[in-house]
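A short write-up of the structure that comes next.
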Amino acid sequence: MAKKMSNPGFAPDWCVHFRSMAQHPACEAGIEYTVLNGGSEYRRMYQLPCFIKAGEKPGLRIHCDRFRAPTAEEIALHKQSAEDRKNLVATVKAGITPWRLKHQGCTHSEIVECPACRGLLHLSIKAHNGLVQGRCETGGCANWTE
175 MAKKMSNPGF APDWCVHFRS MAQHPACEAG IEYTVLNGGS EYRRMYQLPC FIKAGEKPGL
235 RIHCDRFRAP TAEEIALHKQ SAEDRKNLVA TVKAGITPWR LKHQGCTHSE IVECPACRGL
295 LHLSIKAHNG LVQGRCETGG CANWTE
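Here my numbering = 1-based position in the sequence shown + 174.
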């Protein structure tokens, strides 16, 4: 499977093979979404087996031999990874508060030292809304868009 190592585990409500239907014609197991959906390009999520919905009536979804729900361990790993990522971005955002205040009301881009890893952090802020984008060059470090 080509799962990103930066995002370990699996989300609780999806088949472990699922990939975005907007960006991929097939899942990681090689099942083509259009074929699975009876040849229709209109991919009805409520019919495809990729999404797991608690309390759903049996037989509502199309059957898929390759469907596999994530294990409790995979779900826990995914949740911990998401929490770690959220904390990392919060730490970096707190560390760039002086930079944000200095450039408030301006459109500005700059490369600064990352408060988390001391690598190179690319920052940009927009004058019209004050939102900041940040991307650290260090693999696995902060990357966000407000």
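Here a beta-carbon is modelled for each residue, glycine too, at the ideal position from N, C-alpha and C. Everything numeric in this text was worked out from a predicted model, so none of it was measured.
Using the three-state DSSP reduction, which class does THR396 fall into: helix, strand or coil? Any answer about residue 396 is impossible in this case: the structure gives the chain only from 175 up to 320.
Helix, strand or coil: which one does DSSP assign to VAL263? If you number the sequence shown from 1, residue 263 lands on position 89. In the structure shown, VAL263 adopts helical secondary structure according to DSSP, grouped into three states.
Beta-carbon contacts of ALA268 that lie in its chain and below 8 Å, excluding the five residues immediately before and after: The sequence position of residue 268 within the sequence shown is 94, counting from 1. Counting only Cβ-Cβ distances below 8 Å, and skipping sequence neighbours, we find PRO289.
Is the Cβ-Cβ distance between THR312 and CYS291 less than 8 Å? Sequence index remark: in the sequence shown, residue 312 carries index 138 (1-based). Sequence index remark: in the sequence shown, residue 291 carries index 117 (1-based). Between THR312 and CYS291, the C-beta spacing is below 8 Å.
Looking at the unbroken beta strand (DSSP E) that takes in THR319, where does it start and where does it end? Position 145 of the sequence shown, counting from 1, holds the residue named residue 319. Membership of THR319 in the beta strand (DSSP E) is indicated by the continuous run 317-319.
Can you give me the Cβ contacts of PRO186 inside the same chain, cut-off strictly under 6 Å, excluding the 5 residues immediately before and after it? The residue given as residue 186 occupies position 12 in the sequence shown. Correct list, in chain order: ILE249.
Of all the options PRO182, PHE241, ARG235, which has the alpha carbon lying nearest to the alpha carbon of ALA200? Working through the sequence shown from its first residue, we reach residue 200 at position 26. If we check each option's Cα against that of ALA200, PHE241 comes out closest.
CA-CA distance, HIS282 and GLY308? Numbered from its first residue, the sequence shown carries residue 282 at position 108. Numbered from its first residue, the sequence shown carries residue 308 at position 134. Using only the alpha carbons, I get a separation of about 12 Å.
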